[in-house]
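Notes follow once the structure below has been shown.
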Amino acid sequence: MKKRNLTVLSLLLITIIFAGLSFQTTSQCKKGKVGFIILVHDVSPVYISYLQNITKIIQEYGLQSDTYLLIIPNHAGNNEISKYPMFVAMIKRLEREGFKVGIHGYTHIGDEFNCNSSVAEEKIKLATIALKKANISFERIFVPPRYSISKEALNVLLKDNFTVILRDRIYYPNGTCIKVKNREYTWYASNFTLGIRLIIAKFEFRKNKENFILSLHPKAANYGCGLEFLRRFLEFVKSLG
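Heads up: the sequence shown begins at 1094 in the numbering used here, then just goes up one per residue.
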């Protein structure tokens, strides 16, 4: 009876995970090849210890150059990065070791880039000023908080030569748009779901490895089986060459 209940629970969990992972917004974008990308969201002084654990595993598999650290320049409006020298030093070290830096909003409060063009212009200006003040170099890569962005804000960023990554697509400054598979398997993942998550992730990666994005959130990815999943999944990715 116990074995049967466990089987039913596993099947139910697979269904739930697939349902969550397969939700995509409709898109007129074309299929393309962007390779394998890792996005580490919510990079801020608030999560230093969590970030250290995540980046250490990524380095173990030599995938720094495939990884974007998405910095929140002023987390919650009261954590401007230049005020945290230890955080700045860590980011600079990671950049020297091959990691890339992108921008993840300005304060990350609400859907802050679901706004008009003038607000978007001001926020991206403040974000870049904060990074320059901290003397942190960055790629012109932008991921809006919660992937929420208005058409006006999107146009502002594209005109400012930013590449914008959303939940299921990438917009480029030249006007092109490419569909991607952007997946997050480590959002507060319970230990007993490790095996199921790996099965799903490996299946999806094999099917979409030419345009696959792995998203990670510090703290959420450090919970339960998150880091062990990351280690095993990256080992699998490397094994495929």
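Note that CB positions come from ideal geometry on N, CA and C, so glycine has one too.
- For Gly-1334, the closest of Pro-1138, Lys-1124 and Tyr-1154 by C-alpha to C-alpha distance is Tyr-1154.
- Spatial neighbours of Asn-1284 in its own chain (CB-CB distance under 8 Å, excluding positions within 5 residues in sequence) are listed in chain order as Gly-1317 and Cys-1318.
- CA-to-CA, the gap between Thr-1200 and Gly-1170 works out to about 5 Å.
- Here DSSP, grouped into helix, strand and coil, assigns Gly-1288 to helix.
- Leaving aside the five residues that flank Lys-1124 on each side, the residues in its chain whose CB is nearer than 6 Å to its CB run, in chain order, Lys-1272.
- Distance from the CA atom of Tyr-1143 to the CA atom of Lys-1244, rounded to whole angstroms, is 33 Å.
- For Ile-1196, the secondary structure class from DSSP, reduced to helix, strand or coil, is strand.
- In this chain, the beta strand (DSSP E) harbouring Ile-1164 covers 1160–1164.
- In the same chain as Tyr-1265, and ignoring 5 residues on each side of it, the C-beta atoms closer than 6 Å to its own belong to Thr-1256, in chain order.
- Ranked by Cα distance from Ala-1246, the options Phe-1298, Thr-1148, Glu-1215 and Val-1136 are led by Glu-1215.
- Close CB contacts of Asn-1146 within its chain, under the 8 Å cut and outside five residues either way in sequence, are with Asn-1315 and Leu-1320 (chain order).
- Distance from the CA atom of Lys-1176 to the CA atom of Leu-1323, rounded to whole angstroms, is 31 Å.
- By the Cβ criterion, the stretch 1184–1202 is in contact with the stretch 1158–1174, since at least three pairs of Cβ atoms, one from each stretch, lie closer than 8 Å.
- Assignment of Phe-1305 by DSSP, reduced to helix, strand and coil, places it in the strand class.
- The DSSP-derived three-state label of Leu-1144 is helix.
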